[in-house]
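Residue numbers (my numbering), protein chains in the order written: chain A, 54 to 439; chain B, 54 to 439; chain C, 22 to 421; chain D, 22 to 421. Working notes for the structure below.
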Amino acid sequence: MKFRFTDEQRMLQEGAERFLSEHSPIEVARQAAMLPGGVDLALWARITEELGWQAIPVAESHGGLGLGLVELVVLLEATGACLSPTPFYATALSALALGTVSESDGQQHLLKSIAEGTIVAFAHTAAQPEWGPSGVAVSAMPSGDRWCLNGSARFVMCGAVAEYLLVAALFEDQKIMLFSVPSTHDGLSVSHRIALDQTRSMADLYLQDVVVDGAALLAVDWAEALANVLDIARIMVAAEQVGCAQRALDMTVDYVAERVQFGRTIASFQAVKHKAADMMLKVESARSLLYYAACTADSWMRGTERRGVLREAAAMVASSAGDTAFFVAGTGIQLHGGVGITEEYDIQLYFKRARALEAYLGRPDESREVIAAALLDTSEAGIHAA
Amino acid sequence: MKFRFTDEQRMLQEGAERFLSEHSPIEVARQAAMLPGGVDLALWARITEELGWQAIPVAESHGGLGLGLVELVVLLEATGACLSPTPFYATALSALALGTVSESDGQQHLLKSIAEGTIVAFAHTAAQPEWGPSGVAVSAMPSGDRWCLNGSARFVMCGAVAEYLLVAALFEDQKIMLFSVPSTHDGLSVSHRIALDQTRSMADLYLQDVVVDGAALLAVDWAEALANVLDIARIMVAAEQVGCAQRALDMTVDYVAERVQFGRTIASFQAVKHKAADMMLKVESARSLLYYAACTADSWMRGTERRGVLREAAAMVASSAGDTAFFVAGTGIQLHGGVGITEEYDIQLYFKRARALEAYLGRPDESREVIAAALLDTSEAGIHAA
Amino acid sequence: MLLEFSQEDERFRDEVATWLTEHLIGQFADIRGRGGPGDEHHFVRERKAWERCLAEGGWTCLGWPEQWGGRSATIEQQVIFNEEYARAGGPGRLGHIGETLTGPTLLAFGSDDQKRRFLPGIRSGQAFWCQGYSEPSAGSDLSNIKTRAVWDAETALWRFYGQKVWTSLAHASDFIFVLARTDPKEKGHRGLSFFLLPLAQEGIDIRPIKQLTGTAEFNEVFFDGAACGADDMVGAPGDGWRVAMGLLDFERGVSTLGQQMLFQVELDEIICIARANGTARQPAVRQRIAEAHIGLRTLRYNSLRMLSGGEDGSLSREAVIYKLAWSNWHRNLGKLAMDVLGPDAELVEAGPYELNRLQSLFLFTRADTIYGGTNQIQRNLIAERALGMPREPRGDAAKE
Amino acid sequence: MLLEFSQEDERFRDEVATWLTEHLIGQFADIRGRGGPGDEHHFVRERKAWERCLAEGGWTCLGWPEQWGGRSATIEQQVIFNEEYARAGGPGRLGHIGETLTGPTLLAFGSDDQKRRFLPGIRSGQAFWCQGYSEPSAGSDLSNIKTRAVWDAETALWRFYGQKVWTSLAHASDFIFVLARTDPKEKGHRGLSFFLLPLAQEGIDIRPIKQLTGTAEFNEVFFDGAACGADDMVGAPGDGWRVAMGLLDFERGVSTLGQQMLFQVELDEIICIARANGTARQPAVRQRIAEAHIGLRTLRYNSLRMLSGGEDGSLSREAVIYKLAWSNWHRNLGKLAMDVLGPDAELVEAGPYELNRLQSLFLFTRADTIYGGTNQIQRNLIAERALGMPREPRGDAAKE
């Protein structure tokens, strides 16, 4: 039992923090918001070439590093802290999704491309009525030996800068399938959206009679796998939330140490100190659940942990990290006082990010309901037996 | 528009506070907890003889004063602040319940008795599955021209010291009826219960083949009236909660002004001041809703306000006052520090009372669900039109 | 206890409602519901025209004495006017600082000459005011003011040097009242004086402050030699703190009920969306909507108690709770709006950053718990003024 | 990152579990699960016998060096012992103050003579200790200690005058360690010394403090001439504060996982009741049960990080969050228990005031956020120690 990073993981973390503090200061995020697609492709190129993060979640057999969720979480905490405008989350999630489908030429090609730096975005839902498999709003119709796709997939991270899109689609209103579609494909329109969190790259996809080869079909009966991928995604989002919250806490502690009112630095007022203490308690708590969830996801991917345990871990950290980031960034604005709501100060960017991530893939109370159902509605106390 | 007490109401309040501070200090509540039935009958005798509070909710035609909920609320705030061990709430509620039934000899007799100081307790539910009409667990069976009652009615305020009990009973699993039963009646067993809040008088009633005359039947088809009486009861409970919370706040502010740590009165620490500020905000907010609800209940009793508006007012103040009293008394213990959890200090008595009242007649979240249903589930926005 | 208004008051209500219905048309139809908090920068020209129209109808400065063009209106009438104004969708008032702050200050502390020179412009909707209190290092700690007013004997004028900040409506105003240090040897509350300055002069620079919403409602106001005359000081030199604090007492809360009607419109919109998109069936959302409803009604009855005066059973010294209560309620409403809107709340309708009303509500309400006294300052005030708890020790940090 | 324990550790776990199963029988079957917080006053005699049984099995003082009868056990082994002890229903430890506080203090600061005199009794389950820190005017502000130790040259003894309070287990203990002022001219941290006193002597009066639960687990300890020898002072005169603060650092958190297993038993009971009585279908209860579950798991992973040492990715200086986290979690659990129990929670089973386990949980957990440092003090500590924020200015009120 060593619930701490290995030396390699610590080096990965330190390297990421060093790189990002040099190459991804907050100005980079602010500037990327002005770029088409909202992504800093130069920064991404540098990451892929110098650091090779894109290869982390790709199996060694496909040209990747074959590392796990703990390593991804280490990096996503660091990118989350910088609001780093790269497609790292998007491509890593796509790689993990591709890891769940059977070997095929198409799958191999995509994984290899990802390991080489190609951007592949994951497009799974229109988020109506919800973020899970039942929210899929693209239909797949067979058309000879080809498939015809129609519908929409929304809130696609980095969709507008992706070369390929992984699109979940519904066949005969029942089965979920997974397709790969090049972003330039006929009938596919990818529309970059400005988000309330301006520093986040988001796109909507509209598919009108998008006809693809049979080889584009990567998986059938993919509903359960999609649910699993989304649980992994929730853990990845939580890592960004923990990074975001930690930075918001740090910048707030720094600010209140400088700000003087009533002849005292406001950091000396209990009202300020106690809020900061609550912020830290929440951040560290979310972080503990995050590392547990990452370990659990790795065990699940190795086949040594049950699917229910992954689901529980993802729901726990989604609930905790979602509430935490929103509380911490919101309190951060409050403790900044007047300047906290100005465009000039950075804390508002973290607040917007915290809000965006809290709502992404399900709200914290929805995650708690997942836990409650497992504890209260099963015939056996499902979670606890784990 | 004068949302403040009339001169008469203010005099009533001042008189009550003067009387209670002299005759109902906290020691009286502590001592009453040791008495059989948990009520200070000498104090009650003094109140009935010198102040005549028991006559307030009884119509003038029945020998009472015919005053309304605002006056009751004024007095219940005062008794709530002293945890005064009297059957004032119980008899006032019985009088109001009797006010909803048609004139009959039995009804007139009971109202007249109440106005003269007789204790009549209201026994309406076994609180399973809930506090409303569906929780009634006494059945009424006709037996010639008499009625036979069986079952239980629990959590009856001051039941063990009552001369008469008003018992709600279910006829043919559908209709709710109201009976009066003398406490000494054959087959009726009244058992005083020690409550977690030791200063509160509570009894369970068990009825085994309690055969009463037809005259004991005071009302049939009484379900809707019972719901209305319970809404009135919630407003009365809220008055006790506001009184309890105000006193808990006052004693906490007094304590922290005296207690010195780190060379300062702890009242000078922001962590303490800000908690006290939150306590006051909540108390005043609950009080505002309380006076609104009392005015609404009076309008409803005069027939100038709709039943739905009464229900909304009761649910609003039950939610607010319930949360408030629990928060304020709990925070009061916290700000007392170590002595707060000793039997010797009084704040723990207020905490127990706050808990008892919060759960009585429904939890705050259940009250909020009443509001939500009215706002969200009706075809028209029911509440808002009010 | 009486919640209903008198028949006379209800007749007054009809009169107000009728006038507003008849006048919020034509050129003014477009500005219905515009220009409130979060929207202050819009339709300034049109809203100034509307102020003049209001003034002609006799609907500005209701509470002022008749001598100065007011109606000496009762609290009830002022409440009713504010309620009906909000109900009719009256645009955000540009004249309210002059009407509710400058006016009462001059009536209480001003010279006859000052009243004659400044009150009519406010009453007629011709002269607009903004307030110059906060500074970068005097936010929560207002007494730490550094803006200097220096007597220039040569020109016989006071000259101003320094900076004010968070000045709402400065870009739309004609005058500013300024709290400035006239005695550089004094610190804290002492040595401050209260001045009335025209904004359109040399030595004043107004710069908008861009907010997290992308819009700019607040301003910085820089003074570098701007001037006013000796007769533009209210009270005597060194009286500034007393005048400024007196001014804070003038806010009698008559506008709170109007504010609450705007809140009700927002809550109704959220409820409407929740019913339409099914979030109304989610238990957590239901609890929060119920809480919002209860909270808004609480604000209403708090206000009515406060306005009903200081006798027992009413809020009076406790009036200090209002700011803390409404701002936190409103901030929570902003969050609720986002959660009810669902995923679409995350996307902006149009570039560069065109927020819809509820998105703007969500972001802008983060300011509610900060400006006009932060949550922290409000809790200090409640603890000290209403509960009589001791003040926080002041520090003596040199660093500013 | 590795969450699993090693095979060797798992073998150790089996050994502990087997021993406990084989020994928590017969006379000890009745005290399974008894004597924890809220139940400290029960079965004292039986629990002392159990301590001797544990000691004979070699299960006391695992972390002590072998020289003093310990096993020099690793953190993992200590964690495992505590987990298995809790899982087996081991009764509340009467020896834990001696084992985890007195022992490590003597090992770090004590003389060889003191070690020889006191450690064996602790190790063998024969000598029980309680701690004499808090006083009526030294609660949160521990340095304000007024108990005096006066050197009596005639008898060559230190004599004690004053009062300690909140002394848990004093009535069941043989010894008390006392922080007392030896230099009456000094104030605050200075002039304090640390002593070891037998309780069974003239001049010591132990009075139980009755709590809101009707039971009494804490005591007041009055000193009026009680004595100890010169060789019963730990460290030098005036070293008391340093020794006492060092002692606070010995709590390495190995017992936290055992504590959490007791919490899990409580939560499981609540879940079981909720499923049985239908409250498990209420949305608000569901959210709270889920929160409790998540919160308890959070405590677990916080502890594991803390115990895994100081490298990156782990909690270390941040360990100060644990008290704030568990106490508030537990207090919330007490409230949840009551709401799940429903109306019956309000009634006591038997007179005079016999609480069931969950009622006792509800009331007693109000103390959790107070003793051992209030929520307020914990937040100060986190802000100052972990976040490096400035200390609160000390006052100089004469009044005490």
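A virtual CB, placed ideally from N, CA and C, is assigned to each residue, including glycine. No experiment lies behind these values; they were computed from the predicted model shown.
Tell me which residues share the same chain as residue i and place their Cβ nearer than 6 Å to its Cβ, disregarding the 5 neighbours each side in the sequence.
{"i": "A/Ala82", "result": "Leu136, Pro138, Thr252"}
{"i": "B/Arg312", "result": "Ile319"}
Check the Cβ-Cβ distances between residue i and every residue of chain D, and say whether any is below 8 Å.
{"i": "B/Phe315", "result": "yes"}
{"i": "A/Ala425", "result": "yes"}
{"i": "C/Ala311", "result": "no"}
{"i": "B/Thr237", "result": "no"}
{"i": "A/Lys165", "result": "no"}
{"i": "A/Arg199", "result": "no"}
Residues of chain B with a CB under 8 Å from the CB of residue i: which are they?
{"i": "D/Ala360", "result": "Ala is not the amino acid found at residue 360 of chain D; the sequence shown has Asp there. Here the neighbours are Ala412, Arg416."}
Can you give me the Cβ contacts of residue i inside the same chain, cut-off strictly under 8 Å, excluding the 5 residues immediately before and after it?
{"i": "A/Glu269", "result": "Just to set this straight, residue 269 of chain A is Ala in the shown sequence, not Glu. Counting only Cβ-Cβ distances below 8 Å, and skipping sequence neighbours, we find Gly159, Trp200, Phe232, Ser233, Val234."}
{"i": "C/Gly246", "result": "Arg180, Phe181, Tyr182, Glu223, Gly224"}
{"i": "A/Val263", "result": "Cys201, Leu202, Asn203, Val234, His238, Asp239, Gly240, Leu241"}
Residue i: buried (16+ other C-beta within 10 angstroms of its C-beta) or exposed?
{"i": "B/Asp430", "result": "exposed"}
{"i": "C/Thr176", "result": "exposed"}
{"i": "C/Pro125", "result": "buried"}
{"i": "D/Ala201", "result": "buried"}
{"i": "D/Thr39", "result": "exposed"}
{"i": "C/Thr386", "result": "buried"}
{"i": "B/Arg57", "result": "buried"}
Mapping the DSSP letters down to three states, classify residue i as helix, strand or coil.
{"i": "B/Cys201", "result": "strand"}
{"i": "B/Ser8", "result": "Within the shown structure, residues of chain B are numbered from 54 to 439, placing residue 8 of chain B beyond reach of any answer."}
{"i": "A/Arg359", "result": "coil"}
{"i": "B/Trp353", "result": "helix"}
{"i": "D/Asp226", "result": "strand"}
{"i": "B/Gln207", "result": "It is Arg, not Gln, that sits at residue 207 of chain B in the sequence shown. In the structure shown, B/Arg207 sits in a strand (DSSP, three-state: E or B)."}
{"i": "A/Ala256", "result": "strand"}
{"i": "C/Cys249", "result": "strand"}
{"i": "D/Lys231", "result": "coil"}
Could you list which residues in chain D have their beta carbon closer than 8 Å to that of residue i, in chain order?
{"i": "A/Ser74", "result": "Within chain D, no residue comes near A/Ser74; the closest Cβ sits about 16 Å away, beyond 8 Å."}
{"i": "A/His327", "result": "Gln397, Arg400, Asn401, Ala404"}
What residues of chain D sit near residue i, judged by a beta carbon separation below 7 Å?
{"i": "A/Ser341", "result": "Thr319, Tyr322, Asn323, Arg326"}
{"i": "A/His389", "result": "Result: empty, since nearest Cβ-Cβ is about 15 Å, beyond 7 Å."}
Kindly say whether residue i, judged by its beta-carbon, lies nearer than 8 Å to any beta-carbon of chain B.
{"i": "A/Gln299", "result": "no"}
Can a CB atom of chain C be found closer than 8 Å to the CB of residue i?
{"i": "B/Glu358", "result": "no"}
{"i": "D/Ala305", "result": "yes"}
{"i": "D/Gln308", "result": "yes"}
{"i": "B/Thr318", "result": "yes"}
Can you find a CB in chain A that lies within less than 8 Å of the CB of residue i?
{"i": "B/Phe380", "result": "no"}
{"i": "B/Gln323", "result": "yes"}
At a CB-CB cut-off below 7 Å, which residues of chain A make contact with residue i?
{"i": "B/Ala330", "result": "Result: empty, since nearest Cβ-Cβ is about 10 Å, beyond 7 Å."}
Anything in chain C within Cβ reach of residue i, meaning under 8 Å, just list it in chain order.
{"i": "D/Pro414", "result": "Pro414, Gly416"}
With 8 Å set as the bound, which would you pick, yes or no: does the beta-carbon of residue i sit closer than that to a beta-carbon of chain E?
{"i": "C/Ile391", "result": "Although the question refers to chain E, the structure presented lacks it and instead comprises the protein chains A, B, C and D."}
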